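A.B. asks:
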Amino acid sequence: MKALIQANYEERLSRYATLLHGTEPPGLAAKLGVYAQLLRQHEIHGDRLWTIEPILYPLMLSAETDLHLAVARLLEDPRRAEGSVFAFLEFCRKNRENIAWKAGTPPADVLDAQVAALESHRPTIAAIMGRRDRFFAHLDKKYFLDPGRIYEDYPLEGSAVIALANAVIAVISEHQWKLREHANFHFAEFFEIGVDNMVRNLEAGRRQNYPGQLD
């Protein structure tokens, strides 16, 4: 019994690592890095960013939606999805006496703190789920008639979504570290650097090909 629970725990953890840090398809960390840096570039340049390259505007909105969907998939109501991180943490709570970390049984207070860390983002989670359920995945008549209303009814700050995504990564990374004293490297930084370099190159190209357009 204990061996089966331990194997189940480790298999789940491995699958979360793939969903977070995978490259084919890109995981949450990659999507987070791309969106976070596009958001930062807009903070730096303002709407001038769309003059540097007009396609960056729909690209940023697409990256935002992609990140929302990736987060929603991981934080689904556990009654609806066994793969939810909340379902995983509930599994850990119920079976912690049969789960072995490097230093022993997972302490109840550590698991409780992980749940609390995610729940502290509940308003952000609710807004993401609202956008997904009523607009991205299923088009309610209300938003079919007035698509822009979804952003008024379910307002979200980019920084709040980024903080939530990082909280999810932190929970899974803590489990990886406690289990084997090893965790996946947070690759988001590499994607952030890539987007930063892309914008720099686009700006240089715009200045060279269209002198005075950015002045």
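Numbering-wise (the numbering used here), the sequence shown opens with residue 1204 and increments by one.
From the three backbone atoms N, C-alpha and C, an ideal C-beta is built for every residue, glycine too.
Source: prediction; values computed, not measured.
Between the C-alpha atoms of Val1374 and Arg1410, what's the straight-line distance to the nearest angstrom?
C.D. replies: If I take the Cα positions, the gap works out to 44 Å.
A.B. asks: Could you check the C-alpha separation between Gly1351 and Glu1214 for me, to the nearest Å?
C.D. replies: So the alpha carbons of these two residues sit roughly 41 Å apart.
A.B. asks: Check whether the Cβ atoms of Tyr1238 and Leu1270 lie closer than 7 Å to each other.
C.D. replies: Result yes, Cβ atoms of Tyr1238 and Leu1270 sit closer than 7 Å.
A.B. asks: Hey, how far is the Cα of Ala1220 from the Cα of Met1204?
C.D. replies: If I take the Cα positions, the gap works out to 25 Å.
A.B. asks: Could you tell me how far apart the beta carbons of Leu1216 and Leu1222 are, in whole angstroms, since I believe they sit closer than 8 Å?
C.D. replies: Contact flag wrong, Cβ pair sits at about 11 Å.
A.B. asks: Exposed or buried, what is Leu1234 when buried is set at 16 or more other beta-carbons lying within 10 Å of its beta-carbon?
C.D. replies: Checking the sequence, you will find Lys at residue 1234 rather than Leu. So Lys1234 counts as buried.
A.B. asks: Looking at Gly1236: is its Cβ nearer than 7 Å to the Cβ of Glu1360?
C.D. replies: Cβ atoms of Gly1236 and Glu1360: not closer than 7 Å.
A.B. asks: Grouping DSSP H, G and I as helix and E and B as strand, with all else coil, what is Pro1261?
C.D. replies: In this structure, Pro1261 counts as helix in the three-state DSSP scheme.
A.B. asks: Using the three-state DSSP reduction, which class does Pro1326 fall into: helix, strand or coil?
C.D. replies: Three-state result, Pro1326: helix.
A.B. asks: Take His1224 as the anchor and find which of Glu1384, Asn1369, Trp1304, Cys1295 has the nearest alpha-carbon.
C.D. replies: Here the closest residue by C-alpha is Asn1369.
A.B. asks: If you draw a straight line from the C-alpha of Trp1304 to the C-alpha of Leu1382, how long is it?
C.D. replies: In a straight line, the C-alpha of Trp1304 is about 4 Å away from that of Leu1382.
A.B. asks: Is the CB-CB distance between Met1332 and Ala1290 below 7 Å?
C.D. replies: No, Cβ-Cβ distance for Met1332 and Ala1290 is not below 7 Å.
A.B. asks: Tyr1399 and Gln1240 look like a contact to me (Cβ under 8 Å); what is the Cβ gap, rounded to whole Å?
C.D. replies: Sequence inspection shows Asp at residue 1399; the Tyr mentioned does not correspond to that position. Confirmed, Cβ separation roughly 6 Å.
A.B. asks: Below 8 Å CB to CB, which residues in the same chain sit around Asp1349 once its five sequence neighbours on both sides are set aside?
C.D. replies: Counting only Cβ-Cβ distances below 8 Å, and skipping sequence neighbours, we find nothing.
A.B. asks: If you drop the 5 nearest sequence neighbours on each side, which residues of the same chain put their C-beta closer than 8 Å to that of Ala1266?
C.D. replies: Closer than 8 Å at Cβ, skipping near neighbours: Lys1234, Val1237, Tyr1238, Leu1241.
A.B. asks: Is His1341 buried or exposed, if buried means 16 or more other CB atoms sit within 10 Å of its CB?
C.D. replies: By the 10 Å Cβ count, His1341 comes out exposed.
A.B. asks: Would you check if there are 3 or more beta carbon pairs closer than 8 Å linking the segment 1310-1320 to the segment 1291-1299?
C.D. replies: Because the criterion of three Cβ pairs below 8 Å is met, the segment 1310-1320 and the segment 1291-1299 touch.
A.B. asks: Just the Cα atoms here: how many angstroms apart are His1324 and Ala1273?
C.D. replies: Cα-Cα distance, rounded: 16 Å.
A.B. asks: Going straight from the alpha carbon of Thr1357 to that of Arg1334, what length do you get?
C.D. replies: The residue you asked about is not Thr; residue 1357 is Tyr in the sequence shown. In a straight line, the C-alpha of Tyr1357 is about 6 Å away from that of Arg1334.
A.B. asks: Does the distance from the C-beta atom of Ile1302 to that of Leu1405 stay below 7 Å?
C.D. replies: Result no, Cβ atoms of Ile1302 and Leu1405 do not sit closer than 7 Å.
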